[in-house]
């Protein structure tokens, strides 16, 4: 029986993800191709490595033993490739980032466009998911989220400008309803309600002479997607509590009208976050350097903490 390093690639990936689909996403193969590769390995070793059901994948005792012995070898191999990568004129490899849909569209995609021109040998894979995921378990190099949702053991770097929120509605809506002068006036308005992935309704946040206020929006439409919220507002369904960058074109052409502007504070930037590893993959290091340069160009005179 002759086996080589590549014969164990699918096995290691499935063991890490506990999923044929997750392994397929990592290796760029279909789940059926991953399953076939694992079955071939099991047949050649003459031992079952996974217990499979329709809902789960778990290592057998033999699989656990093999995984624990091979994992350090594969980790060391990945580190070796990244060390060699440092000697190239430009780094190469794959950078996998997980982020929310809105953050991808407003912040990440414009930045990745320039990054890819500068580093054409780095493949950037972006997965958008409004639900929080474990980026280590899912084999992502980094994630982008609001600062309040990032795990405390992650290293964080601000990415993009500070977040500005706006309360907006169409001119037609304000022809039917007087504009609110105070956040408490929102109780008399139809608002588009946003439900967080946790299931909690998001209260609208304000700050003024009375300090910080949280107002529970009142309305008959509940959504869990910010782009859908914008569409509902544009249809005249009510007031929306949205991101300024999301609606600035509509504000410029008068499609939407802002209210309560003096009550809306700025929030911290989105955070690029990644695990504290002994050795950082070179594609991630290149992206961090690019983010640093991009941010320093926007804020000359400020010292970067990256």
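Residue numbers (our numbering): 1 to 306. Note that the Cβ used here is the ideal one computed from N, Cα and C, for glycine as well. Just so we're clear, the structure is a prediction, and the values are computed from it rather than from any experiment.
Among residues of its own chain, excluding the 5 on either side of residue i, which ones have a beta-carbon nearer than 7 Å to its beta-carbon?
| i | result |
| --- | --- |
| residue 300 | Residue placement at residue 300 is poorly supported in this model, since its pLDDT is 43, which falls under 50; the coordinates are not used for a value here. |
| residue 154 | 273, 274 and 275 |
| residue 11 | 38, 41 and 49 |
| residue 74 | 12 |
| residue 70 | 8 and 12 |
| residue 47 | 62 |
Is residue i buried or exposed, if buried means 16 or more other CB atoms sit within 10 Å of its CB?
| i | result |
| --- | --- |
| residue 188 | exposed |
| residue 98 | buried |
| residue 37 | buried |
| residue 13 | buried |
| residue 182 | exposed |
| residue 253 | exposed |
| residue 199 | exposed |
| residue 368 | Any answer about residue 368 is impossible in this case: the structure gives the chain only from 1 up to 306. |
| residue 34 | buried |
| residue 23 | buried |
| residue 190 | buried |
| residue 184 | exposed |
| residue 64 | exposed |
| residue 78 | exposed |
Return yes when the Cβ of residue j is within less than 8 Å of the Cβ of residue i, no when it is not.
| i | j | result |
| --- | --- | --- |
| residue 206 | residue 193 | no |
| residue 146 | residue 243 | no |
| residue 40 | residue 157 | no |
| residue 219 | residue 229 | no |
| residue 3 | residue 283 | no |
| residue 180 | residue 259 | yes |
| residue 148 | residue 132 | no |
| residue 16 | residue 31 | no |
| residue 286 | residue 91 | yes |
Using a Cβ-Cβ cutoff of less than 6 Å, which residues in the same chain neighbour residue i once the five nearest sequence positions on both sides are dropped?
| i | result |
| --- | --- |
| residue 127 | 98 |
| residue 173 | 236 |
| residue 162 | 266 and 269 |
| residue 186 | 180 and 215 |
| residue 306 | In this prediction, residue 306 scores a pLDDT of 32, lower than 50, which makes its location untrustworthy; no coordinate-derived value is stated. |
| residue 302 | In this predicted model, residue 302 has a pLDDT of only 43, less than 50, meaning its place in the structure is not dependable; the value taken from the coordinates is given anyway. Within the same chain, residue 302 has no close Cβ partners at all. |
Per the DSSP calculation, residue i is bridged to which residue(s)?
| i | result |
| --- | --- |
| residue 155 | 274 |
| residue 242 | 166 |
| residue 123 | 94 |
| residue 257 | 169 |
| residue 193 | 222 |
Contact check, residue i vs residue j under 8 Å by CB: the rounded distance?
| i | j | result |
| --- | --- | --- |
| residue 58 | residue 51 | 5 Å |
| residue 102 | residue 226 | 5 Å |
| residue 257 | residue 169 | 6 Å |
| residue 262 | residue 211 | About 14 Å; that fails the 8 Å criterion. |
| residue 122 | residue 93 | 6 Å |
| residue 139 | residue 26 | 5 Å |
Is there at least one Cβ from chain C nearer than 8 Å to residue i's Cβ?
| i | result |
| --- | --- |
| residue 124 | Among the chains in the structure shown there is no chain C, since it carries only a single protein chain. |
Please return the same chain residues whose Cβ sits closer than 8 Å to the Cβ of residue i, not counting the five positions on each side in sequence.
| i | result |
| --- | --- |
| residue 232 | 192, 221, 223, 238 and 240 |
| residue 116 | 122 and 124 |
| residue 100 | 128, 129, 130, 144 and 145 |
| residue 164 | 243, 244, 245, 264, 266 and 267 |
| residue 5 | 77 |
Got a sec: does the ligand NAD put a non-hydrogen atom nearer than 7 Å to the Cβ of residue i?
| i | result |
| --- | --- |
| residue 176 | The ligand NAD is absent from the structure shown, which contains no ligands of any kind. |
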